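One structure below.
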Amino acid sequence: MIGNQPSNTTRVVILENEIGEVSVDDSLLKKNGYQVTNLFSGCVCCTMSGELILNLHRIRTDFISELIIMETTGVAFPDNIRQTINQSLPELTVQVTCITDAKRWLRLLQPMEMLLEGQLEAADVILINKIDLVDDQTLSEVETSIRSFNDHAKCFRISAAQPIDPVIWGTILNTEQEAPINE
């Protein structure tokens, strides 16, 4: 989603959580003008929840930002993160956006069902990415499957090859009129 930021004037800080000790995206994000803070060697949904809160306090003190985007590890449970933030920093608004992969969804569904369920159930917004790489029937199956986990989230079809519509960004960020939801 780099290069698809909501606007050039929105001040964004990215809090990146990596299981390992090396940031995969750090240099690319910084090159694109983002301020980046990293949390290494654990997951902010459990073992690093204390470090998460400390870093959120630090970001709010040290950076002038309108938006903090937290990129969690692929194995994070967002509901745990939301609860941690709501308990420690109730003044912050937490919006959970899950990005799914339409091309790999059906193949990954069975072996990763518990993880996917935990992530999707907590989502306020679900982006179905790589729609340009699947046919209409597959896309319909993917969307039906995703909706079986969460039928209340706002769901949008996107392609990483194309910029995200500004109206969809507004919905994701709760800042503008809502985009029409794919049904």
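My numbering puts the sequence shown at residues 8 to 190. A virtual CB, placed ideally from N, CA and C, is assigned to each residue, including glycine. What you are looking at is a predicted structure, and each value in this text was computed from that prediction instead of being measured.
CB of residue i within 7 Å of CB of residue j, strictly
i: T80; j: C105; result: no
i: N136; j: I165; result: yes
i: F84; j: E128; result: no
i: V82; j: A109; result: no
i: I5; j: I76; result: Residue numbering for the chain in the displayed model covers 8 to 190; residue 5 lies beyond these limits and cannot be assessed.
i: S48; j: E28; result: yes
i: I72; j: R111; result: First, the residue type needs correcting, since residue 72 is Ser and not Ile in the sequence shown. Taking 7 Å as the Cβ cut-off, S72 and R111 do not qualify as a contacting pair.
i: D131; j: A168; result: no
i: L146; j: I138; result: yes
Coarse secondary structure for residue i, derived from DSSP in three states
i: R18; result: coil
i: D69; result: helix
i: E148; result: helix
i: F156; result: helix
i: L99; result: coil
i: I76; result: strand
i: E28; result: coil
i: Q169; result: coil
i: V174; result: helix
i: T54; result: coil
i: N45; result: strand
Buried or exposed by the 16-neighbour rule on C-beta atoms within 10 Å, applied to residue i
i: N5; result: There is no way to answer for residue 5, as the model of the chain reaches only from 8 to 190.
i: N62; result: buried
i: T91; result: buried
i: L113; result: exposed
i: L35; result: exposed
i: F163; result: buried
i: T178; result: buried
i: C52; result: buried
> Taking one C-beta from the segment 90 to 100 and one from the segment 34 to 50 each time, how about it: are there three or more such pairs within less than 8 Å?
Replying inline: no
> Unbroken alpha helix (DSSP H) runs of length 4 or more, entirely within the segment 106 to 139: which are they?
Replying inline: 112 to 116 and 120 to 128
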